Ligand code: B12
């Protein structure tokens, strides 16, 4: 039987790195990396969030689960063959104060899987530094991520600053906070709101913004 998010979440909580990796590698024999992220790892981590919110697990349990998930995401990336040729450039980061980065790593991986060159800058990057780096590297896309709703104003502030750059990168806004926000409040000219990895893949491949809703199920 195919592995379910709940089973994987249990392995994360038990710190079972090797077992989790083994099951993920089996899953990848039949599925894409995007399926792994969207159908399995994201719901597993959302389940960890629910258990944490309801005081069923401790902060230490959540940290251990995150560390195992992080390891699995990185290990799954190593499997990918590199694509040759001229690569378009994407820079991925979270604004100052943002602490969540597993989603951003998945976004980076999806860009790379589609042949892009990626600068994954991680979370909590000060605006001035982010802009200075973008001016040097001139990415075509800047992808910004926020997990907490109260981070949305910072995301908008960053987006506005990147829109001012003369090489006009496309700004993608994503993350848990974006997926639950009303898009009309955050959408601006030159900014694309992306609610999940399927929409991101569609955007990478067609350049079109989706307008459907976002949904995860926890198995
Ligand atoms: C692990 C975790 C942490 C870890 C993060 C470690 C790390 N290295 O990332 C730590 C312990 C640091 C942490 C801290 C906090 N957290 Co936290 N955290 C989580 C948890 C359990 C999992 C996060 C995760 O990895 N999710 C899995 C990833 C894959 O999902 P994702 O981020 O949504 O990304 C997906 C999409 O959104 C999308 N995506 C993401 N970014 C982007 C960007 C672009 C451009 C695109 C296109 C797509 C995209 O792609 C991903 C793939 O599906 C969540 C639960 C949850 N529902 O997510 C809570 C959660 C997000 N945290 C929460 C809270 C409250 C906090 C704290 C405020 C707690 C505190 N009091 O200190 C702090 C804030 C820290 C900060 N400064 O930001 C709440 C937020 C609730 C709310 N009201 O908004 C949650 C929902 C838990 C809960 N249920 O209460 N957290």
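In full-length UniProt numbering, the protein residues as written are 1 to 219.
Ideal Cβ positions, reconstructed from N, Cα and C, are used throughout, including at glycine.
Quick caveat: nothing in here was measured; it's all calculated off a predicted structure.
In chain order, 37, 41, 42, 73, 197 place their CB closer than 8 Å to the CB of residue 106, counting only its own chain and leaving out the 5 sequence neighbours on each side. Exclusion of the five residues before and after residue 24 leaves 36, 72, 76 as the residues of its chain whose Cβ lies within less than 7 Å of its Cβ. Residue 138 carries a coil assignment under DSSP once its states are collapsed to helix, strand and coil. Straight-line measurement puts the Cα of residue 124 at about 6 Å from the Cα of residue 99. Here the distance from the Cβ of residue 202 to the nearest heavy atom of the ligand B12 is not below 7 Å. Close CB contacts of residue 151 within its chain, under the 7 Å cut and outside five residues either way in sequence, are with 95, 97, 98, 177 (chain order).
Looking at the DSSP output, residue 174 shares a beta bridge with 145. The continuous beta strand (DSSP E) containing residue 92 extends over residues 89-95. If you check the C-beta of residue 24 against the ligand B12, you find no heavy atom less than 7 Å away. With a cutoff of 8 Å on beta-carbon distance, residue 195 and residue 179 are scored as near each other.
In the displayed model, residue 100 falls within coil according to three-state DSSP, outside both helix and strand. Distance from the CA of residue 191 to the CA of residue 112, rounded to the nearest whole angstrom, comes to 21 Å. As a beta-bridge residue in DSSP terms, residue 193 pairs with 173.
Sixteen is the threshold: since fewer than 16 other Cβ atoms of the shown chains lie within 10 Å of the Cβ of residue 59, the residue is exposed. Among the bridge pairs identified by DSSP, residue 117 is matched with 89.
If you ignore the 5 residues before and after residue 110, its C-beta comes within less than 8 Å of the C-beta of 33, 34, 37, 197, 200, 201, 204, all in its own chain and listed in chain order. In the structure shown, residue 49 adopts helical secondary structure according to DSSP, grouped into three states. Contact between residue 134 and residue 165 holds, with the beta-carbon distance rounding to 6 Å and staying under 8 Å. CA-to-CA, the gap between residue 193 and residue 185 works out to about 10 Å.
Sixteen is the threshold: when 16 or more other Cβ atoms of the shown chains lie within 10 Å of the Cβ of residue 47, as they do, the residue is buried.
The beta carbons of residue 89 and residue 137 sit closer together than 8 Å.
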